[in-house]
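Chains as they are written, first to last, in the working numbering: chain A, 24 to 117; chain B, 8 to 368. Cβ coordinates follow ideal geometry from the N, Cα and C atoms, glycine included. Owing to the predicted nature of the structure, the values given are computational and were not obtained by experimental measurement.
(1) State the start and end residues of the unbroken beta strand (DSSP E) segment that holds residue 40 (chain B).
(2) Residue 290 (chain B) lies in the beta strand (DSSP E); which residues open and close that run?
(3) At a Cβ threshold of 8 Å, is residue 86 (chain A) touching chain B?
(4) Is residue 170 (chain B) near residue 120 (chain B), with beta carbons less than 8 Å apart?
(5) Between the Cα of residue 336 (chain B) and the Cα atoms of B:343, B:352, B:326 and B:318, which residue gives the shortest distance?
(6) Using the Cα positions of residue 118 (chain B) and residue 102 (chain A), report the straight-line distance between them to the nearest angstrom.
(7) In the DSSP assignment, find the beta strand (DSSP E) that holds residue 69 (chain A) and state where it starts and stops.
(8) State the DSSP-derived secondary structure class of residue 348 (chain B), mapped to helix, strand or coil.
(9) Quick one: is residue 31 (chain A) near chain B, going by C-beta distance under 8 Å?
(10) Are the stretch 103-119 of chain B and the stretch 74-86 of chain A in contact at 8 Å, needing three or more beta carbon pairs?
(11) When you compare the CB positions of residue 323 (chain B) and residue 263 (chain B), do they come within less than 8 Å of one another, or not?
(12) Could you tell me the distance, in whole angstroms, from the CA atom of residue 184 (chain B) to the CA atom of residue 288 (chain B)?
(13) Can you find a C-beta in chain A that's less than 8 Å from the C-beta of residue 102 (chain B)?
(14) Opposite residue 162 (chain B) in the DSSP bridges: which residues?
(15) Would you check if the distance between the CB atom of residue 307 (chain B) and the CB atom of residue 236 (chain B) is smaller than 8 Å?
(16) Which residue wins for smallest C-alpha separation from residue 243 (chain B), given the options B:140, B:62, B:176 and B:286?
(17) Give the secondary structure of residue 89 (chain A) by DSSP, where H, G and I count as helix, E and B as strand, and everything else as coil.
(18) Quick one: using the 10 Å Cβ neighbour count with 16 as the cut-off for buried, is residue 46 (chain A) buried or exposed?
(19) Can you tell me where the beta strand (DSSP E) with residue 67 (chain B) in it begins and where it stops?
(20) In its own chain, which residues sit with a C-beta less than 6 Å from the C-beta of residue 230 (chain B), not counting the 5 before and 5 after it?
(21) Just mark residue 326 (chain B) as buried or exposed, buried being the case when its beta carbon has 16 or more other beta carbons within 10 Å.
(22) Please determine, among A:72, A:36, A:106 and A:59, the residue with the shortest C-alpha to C-alpha distance to residue 80 (chain A).
(23) Just checking: is the beta-carbon of residue 80 (chain A) within a distance shorter than 8 Å of some beta-carbon in chain B?
(24) Counting C-beta neighbours from all protein chains within 10 Å, is the total for residue 19 (chain B) 16 or more, i.e. buried, or is it exposed?
(25) From the DSSP output, read off the bridge partner residues of residue 334 (chain B).
(26) Quick check: the stretch 136-155 of chain B against the stretch 87-96 of chain B, are at least 3 beta-carbon pairs closer than 8 Å?
(27) Mapping DSSP to helix, strand and coil, what is residue 300 (chain B)?
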């Protein structure tokens with residue numbers, strides 16, 4: 024099982040649940056596909072039309088940002104922890 | 008014609024959420040609800056009177072753009088399936104700029120215009136969206152250049168006589184027309200100035216800010232452009248400069264009075280590099296003869312004032328006498344229930360106003 028933590032407006036799609044477990048995901052990409060089936064529409068909030076993680080969204084696998092690994096192709100293993108979090112984006116445009 | 012109604016609505020999209028103002032006393036007083044989607048950018052919010060639906064363009068800087076629908080005037084909202092570019096296009100929807108319900112003859116049809124410039128059509132009241140392939144594959148698309156707000160498709164006009172007759176406005180591409188429901192498109196920018204280009208009257212590349220028309224005179228189109236104010240009397244094939252005695256050629260919104268197809272409104276700004284009202288006197292300018300002459304409507308506005316109004320920041324209603332509504336980038340919302348002849352504050356404390364629409368329910 025993969026343990027997933029989410030926050031922000033993503034909770035609107037999960038019935039306000041912040042954490043849950045997901046089975047059968049070998050990569051971040053497949054995990055997000057499973058999440059979208061569990062919570063329809065959540066995938067569009069995390070990925071753009073090209074399947075790329077939105078610029079102000081960070082996905083961490085065991086604490087490491089997937090942008091520093093294989094991005095959406097980052098592999099997952101049983102027992103991994105995934106955090107999907109909004110990035111810090113303060114300043115002029117907030 | 009004025010319609011029988013229960014209440015009047017002003018729908019306001021702002022940088023920090025949507026607000027719904029309703030009046031049941033002939034538009035004398037307004038009761039606010041909201042903000043809906045607190046903290047999120049609402050580029051456009053409209054009431055689809057055919058289906059009794061509120062539709063809002065919601066942009067979250069983190070979680071991307073979406074379209075939300077409400078069947079209970081905002082008490083609850085449902086996010087629709089987002090309009091999306093196909094994978095092979097290499098593009099992604101960045102922002103939904105405009106939502107336009109179709110005609111009474113096609114009650115399930117709703118259009119939306121997005122950035123980068125694309126038209127989407129829904130045939131199920133906004134639940135799902137289909138991309139316009141003719142625009143996606145348009146032979147000139149690779150040469151389209153964005154305006155200051157981005158490469159946005161911000162105007163959609165549907166002809167009530169013939170729903171296959173569509174007009175769209177894209178900054179900075181210009182006006183396009185389809186006679187076949189969006190299967191093919193042709194540019195309609197003849198005589199529309201683009202003096203920021205070497206060729207001042209190109210086939211396309213005009214910075215159109217807003218295109219409007221009255222449903223009773225569908226062949227007469229008006230546009231506020233970066234480089235002037237224009238009118239077409241032949242469905243967009245030819246345009247004529249109607250700036251005439253306006254204090255500036257520059258501005259963003261434009262509106263037509265619902266009771267009088269020849270009465271139009273603009274909000275002049277000094278110019279591209281100084282986007283405030285001329286002489287620091289905020290004013291709506293009206294013409295009663297389709298743009299031959301213009302005059303200022305400023306009774307009730309504070310003086311001096313340094314307001315700016317965005318392209319979706321002005322609207323008219325369908326009541327009699329006609330209402331006009333205008334919202335500023337600094338959060339003031341004004342209303343007139345006498346064709347703009349006098350104005351009153353509805354609110355002075357809103358976030359930056361992106362859009363104003365009005366409807367009866």
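The structure says:
(1) The residue labelled residue 40 (chain B) in the question sits at position 33 within the second chain. Segment 38-43, the beta strand (DSSP E) holding residue 40 (chain B).
(2) One-based indexing of the second chain puts residue 290 (chain B) at position 283. Per DSSP, residue 290 (chain B) belongs to no beta strand (DSSP E) and is neither H nor E.
(3) As a working note, residue 86 (chain A) is residue 63 in the first chain. By this cut-off, residue 86 (chain A) is not an interface position.
(4) Working through the second chain from its first residue, we reach residue 170 (chain B) at position 163. Working through the second chain from its first residue, we reach residue 120 (chain B) at position 113. Not in contact: residue 170 (chain B) and residue 120 (chain B) (Cβ atoms no closer than 8 Å).
(5) Counting from 1 along the second chain, the entry for residue 336 (chain B) is found at position 329. Nearest of B:343, B:352, B:326 and B:318 to residue 336 (chain B), Cα basis: B:318.
(6) Here the question's residue 118 (chain B) lines up with position 111 in the second chain. Here the question's residue 102 (chain A) lines up with position 79 in the first chain. Looking at the two C-alpha atoms, the distance is approximately 45 Å.
(7) Walking along the first chain from the start, residue 69 (chain A) turns up at place 46. It is not in any beta strand (DSSP E) - residue 69 (chain A) instead sits in the alpha helix (DSSP H) that spans 65-69.
(8) Translated into the one-based positions of the second chain, residue 348 (chain B) becomes position 341. The answer is coil: DSSP assigns residue 348 (chain B) none of H, G, I, E or B.
(9) Numbered from its first residue, the first chain carries residue 31 (chain A) at position 8. It does: the Cβ of residue 31 (chain A) has a partner Cβ on chain B nearer than 8 Å.
(10) no
(11) Against the second chain, residue 323 (chain B) aligns to sequence position 316. Against the second chain, residue 263 (chain B) aligns to sequence position 256. Contact flag set, yes.
(12) Here residue 184 (chain B) corresponds to residue number 177 of the second chain, with the count starting at 1. Here residue 288 (chain B) corresponds to residue number 281 of the second chain, with the count starting at 1. Roughly 36 Å between the two C-alpha positions.
(13) Along the second chain, one-based indexing puts residue 102 (chain B) at 95. Under the Cβ distance rule, residue 102 (chain B) does not count among the residues neighbouring chain A, no pair being separated by less than 8 Å.
(14) Taking the first residue of the second chain as 1, we reach residue 162 (chain B) at position 155. Beta bridge pairing from DSSP links residue 162 (chain B) with B:176.
(15) Taking the first residue of the second chain as position 1, residue 307 (chain B) is located at position 300. Taking the first residue of the second chain as position 1, residue 236 (chain B) is located at position 229. It is not a contact, given that the beta carbons lie outside the stated cut-off.
(16) Working through the second chain from its first residue, we reach residue 243 (chain B) at position 236. Comparing alpha carbon positions, the residue from B:140, B:62, B:176 and B:286 closest to residue 243 (chain B) is B:176.
(17) Counted from its first residue, the first chain places residue 89 (chain A) at position 66. Reduced to three states, the DSSP call for residue 89 (chain A) is helix.
(18) One-based indexing of the first chain puts residue 46 (chain A) at position 23. Flag for residue 46 (chain A) reads exposed.
(19) For the purposes of this step, residue 67 (chain B) is identified with residue 60 of the second chain, where counting begins at 1. Per DSSP, residue 67 (chain B) belongs to the beta strand (DSSP E) from 60-67.
(20) On the second chain, position 223 is the one that residue 230 (chain B) refers to. Cβ within range, chain order: 215, 218 and 237.
(21) For this step, residue 326 (chain B) is matched to residue 319 along the second chain. Label assigned to residue 326 (chain B): buried.
(22) The residue you call residue 80 (chain A) lines up with position 57 of the first chain. Considering only alpha carbons, the answer is A:106.
(23) Start at 1 with the first residue of the first chain, and residue 80 (chain A) comes out as number 57. It does; some Cβ of chain B falls within 8 Å.
(24) By 1-based counting over the second chain, the position of residue 19 (chain B) is 12. Classification of residue 19 (chain B): buried, given that the 10 Å Cβ count is 16 or more.
(25) Within the second chain, numbered from 1, the residue matching residue 334 (chain B) stands at position 327. Note: residue 334 (chain B) sits in a beta bridge opposite B:340.
(26) When C-beta atoms of the stretch 87-96 of chain B are compared with those of the stretch 136-155 of chain B, three or more pairs fall below 8 Å, so the two segments count as touching.
(27) Residue mapping note: residue 300 (chain B) aligns to position 293 of the second chain, counting from 1. Shown here, residue 300 (chain B) sits in coil according to DSSP, grouped into three states, outside any helix or strand.
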